[in-house]
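A.B. asks: Per the working numbering, the sequence shown starts with residue 2, numbered consecutively. Got a structure for you, written out below as structure tokens; questions coming shortly.
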Amino acid sequence: MIITALVILMVLLLLSVPVAATLIALALVLAELFSPFPLLNAMGDVLWSASDKYLLIAIPLFILLGEILVRTGIARGTYRSLESWMSWLPGGLLHANIGTATLFSATSGSSVATAATIGTVALPQGKEMGYDPKLFTGSIAAGGTLGIMIPPSINLIVYGFLTETSIPQLFAAGLIPGLLLALMFVVGTALICIWKPSLGGPSVSHSWGERFSGLKHLVPVLTLFGIVVGSIYAGVATPTEAASLGVLGAMIIALSMGKLSVNVIVQALDGTMKTTGMIMLIIIASYFLNFVLASAGVTRELTAFLENAGLGPYSTLVLAILLYIILGFFIETLSLMVITIPIVAPILIGLGFDSVWLGILIILLIEMALITPPVGLNLYVVQGVRKGGPFSDVMKGAMPYVGIMFLMAILLVLFPQVATFLPELMK
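Right under this line is the structure:
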């Protein structure tokens, strides 16, 4: 049954069938082939119960927050400010790419939105200053992945929904690993540019006056981060309520800066509806697929296979990590989450691994999938914003950051306290 499911899944994805339709079709075929029960009769109830969750309201709100920041151009000022503080490092503007992506990730919750925004701002300047396109585009694609690790994160919300794990604890757990990964990106970029300066660009020094005068451009992003994440950590708002506060705050900030208009609001709402529709269809389709898999006994088969294989907890964990790395080459990230988590997470949690820590590890592996070809979404986003040049440049430039993420995964396994420290303080 497992092999049949994988073959059908890969065939449909290779035929470019939309992900939600693929999941529903796979569920219907498996229900017909392997279940003695008329599971199709339960489809309406399962799909409704999957969509009728208060927690899921946070998803369109966080998407709307990111859309407002994109449409109002707030990220452009943030980029200029961080450029003045970070471009003296070996690699120059590459560090501004990563730093801006880090700050933008703390408000948008979306890797794709982060990569698109930073790409729009940074690529023209990098081209004008003669940067090598490979590492420059790779740093934007990799920096964008931080959007699903640093809170608020739509993918962490999805993980919490699928595993019934506390969203505030997941947000707390993602903060230190996310910032540490950003720091590792900066250090790795500097070392690469010291080793081969031609991959970077000129280091530029700015006066202290320019640096301090540019700090005002960081205020909007830091304010929104304080509103959204601060309200969650303080216990005064749920993730959904914090997302609505963030949207209200973004609109007030944009209005005070004279950047809010009817056209901006319409564009933001249009982008939000399109993205939300895609995500919600995938979630409810995967919910029905998981229902079919459980009813047909796939979970029991996998559990029995792992038990009979005689693998210990960490051997099983290594197997799961390899599974995510391999599948990440071929399956879109949100789809990868909703397909695998309901099966993999219960097995690993049952072996004694903390569900919050496991969520951060899985999100890190999902981040890797965002920049590994042939289905790395951030690679296509950056190439689309770039509007020219070979796609291989972006792929090659992202590869060093894949290696850095793998090192981060090893670090998380060896020192789980990196992710569990803040959640423990909240208990």
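Idealized CB from N, CA, C, for every residue including glycine.
Would the beta-carbon of L328 fall within 8 Å of that of L320?
C.D. replies: In this structure, L320 does not lie closer than 8 Å to L328 by Cβ.
A.B. asks: Taking the alpha helix (DSSP H) that K135 belongs to, which residues open and close that run?
C.D. replies: P134 to G145 is the extent of the alpha helix (DSSP H) around K135.
A.B. asks: Among T138, K217 and L57, which residue has its Cα nearest to the Cα of I75?
C.D. replies: If we check each option's Cα against that of I75, K217 comes out closest.
A.B. asks: Alpha carbons only, please: which of K397, P37 and P19 is nearest the one belonging to K135?
C.D. replies: When each option's Cα is compared against that of K135, the closest is K397.
A.B. asks: Measuring only the C-alpha atoms, how far is E165 from L57?
C.D. replies: Each residue's Cα considered, the two are about 12 Å apart.
A.B. asks: Is the stretch 241-255 close to the stretch 34-54, with three or more CB pairs under 8 Å?
C.D. replies: The stretch 241-255 is not in contact with the stretch 34-54.
A.B. asks: So what does DSSP say about E165, is it helix, strand or coil?
C.D. replies: E165: coil per DSSP, three-state reduction.
A.B. asks: Could you round the C-beta distance between I367 and L318 to whole angstroms and report it? I think they count as a contact, below 8 Å.
C.D. replies: In fact, because the Cβ distance is near 16 Å, the residues do not count as touching under 8 Å.
A.B. asks: Under the three-state reduction of DSSP, which class applies to S112: helix, strand or coil?
C.D. replies: In this structure, S112 counts as helix in the three-state DSSP scheme.
A.B. asks: Cutting at 7 Å between CB atoms, please list the residues of its own chain near P91, excluding the five before and the five after it.
C.D. replies: So the list reads A191, C194, I195, G201 and S204, once near-sequence residues are dropped.
A.B. asks: In the structure shown, what three-state DSSP assignment does T239 receive?
C.D. replies: Reduced to three states, the DSSP call for T239 is coil.
A.B. asks: For H207, name the three-state secondary structure that DSSP assigns.
C.D. replies: In this structure, H207 counts as coil in the three-state DSSP scheme.
A.B. asks: Where does F330 fall in DSSP's three states?
C.D. replies: The answer is coil: DSSP assigns F330 none of H, G, I, E or B.
A.B. asks: Which value, in whole angstroms, describes the spacing of the CA atoms of K340 and L323?
C.D. replies: Per the sequence shown, the amino acid found at residue 340 is Ile instead of Lys. So the two alpha carbons sit approximately 16 Å from each other.
A.B. asks: CA-CA distance, I25 and S257?
C.D. replies: For I25 and S257, the distance between alpha carbons rounds to 46 Å.
A.B. asks: Using only CA atoms, which one of V30, L362 and L426 lies nearest to A410?
C.D. replies: Of the listed residues, the one whose Cα sits closest to A410 is L362.
A.B. asks: What's the gap between the Cα of S140 and the Cα of G227?
C.D. replies: If I take the Cα positions, the gap works out to 26 Å.
A.B. asks: Using CA atoms only, rank isn't needed, just tell me which of T241, G189 and W89 is closest to Y55.
C.D. replies: Per the Cα distances, T241.
A.B. asks: Express the C-alpha separation of F137 and V71 in angstroms, rounding to a whole number.
C.D. replies: Taking the straight line from one Cα to the other gives about 21 Å.
A.B. asks: With a threshold of 8 Å on Cβ separation, who are the neighbours of I254 within its own chain once the five nearest residues in sequence on each side are excluded?
C.D. replies: Taken in chain order, the residues that qualify are I75, P221, T224 and L225.
A.B. asks: My guess is that S73 and K260 are in contact by the Cβ rule of under 8 Å, so how many angstroms apart are they, rounded?
C.D. replies: Note that residue 73 is Thr in the sequence shown here, rather than Ser. At roughly 4 Å, the Cβ-Cβ gap stays under 8 Å, so T73 and K260 are in contact.
A.B. asks: Express the C-alpha separation of M427 and V293 in angstroms, rounding to a whole number.
C.D. replies: Straight-line Cα distance between these residues: approximately 36 Å.
A.B. asks: If we count the other Cβ atoms within 10 Å of its Cβ and call it buried at 16 or more, is T5 buried or exposed?
C.D. replies: By the neighbour-count rule (16 or more Cβ atoms within 10 Å), T5 is not buried but exposed.
A.B. asks: Any idea what DSSP makes of S36, helix, strand or coil?
C.D. replies: If DSSP states are grouped into helix, strand and coil, S36 belongs with coil.
A.B. asks: Do T146 and I372 count as a contact pair if the criterion is CB distance below 8 Å?
C.D. replies: Yes, the Cβ-Cβ distance between I372 and T146 is below 8 Å.
A.B. asks: Please classify M258: does DSSP put it in a helix, a strand, or coil?
C.D. replies: M258: coil per DSSP, three-state reduction.
A.B. asks: Residue range of the alpha helix (DSSP H) that W358 falls in?
C.D. replies: W358 -> alpha helix (DSSP H) spans S356 to L371.
A.B. asks: What does a CB cutoff of less than 7 Å around W86 pick up in its chain, not counting 5 residues either side in sequence?
C.D. replies: R212, listed in sequence order.
A.B. asks: Taking DSSP as the reference, what is the three-state secondary structure of D394?
C.D. replies: D394: helix per DSSP, three-state reduction.
A.B. asks: Measuring CA to CA, which of S154, F172, M400 and P417 is closest to G236?
C.D. replies: The candidate whose alpha carbon is nearest that of G236 is F172.
A.B. asks: When you compare the CB positions of Y160 and G360, do they come within less than 8 Å of one another, or not?
C.D. replies: Yes, these two residues count as a Cβ contact at 8 Å.
A.B. asks: On the three-state DSSP scale, how would you describe V18?
C.D. replies: If DSSP states are grouped into helix, strand and coil, V18 belongs with coil.
A.B. asks: Starting from Y80, trace the alpha helix (DSSP H) both ways and give me its first and last residue.
C.D. replies: Segment I75 to M87, the alpha helix (DSSP H) holding Y80.
A.B. asks: Between which two residues does the alpha helix (DSSP H) carrying A291 extend?
C.D. replies: Checking the displayed sequence, the identity of residue 291 turns out to be Asn instead of Ala. Looking at the DSSP string, the run of the alpha helix (DSSP H) that includes N291 is V263 to A297.
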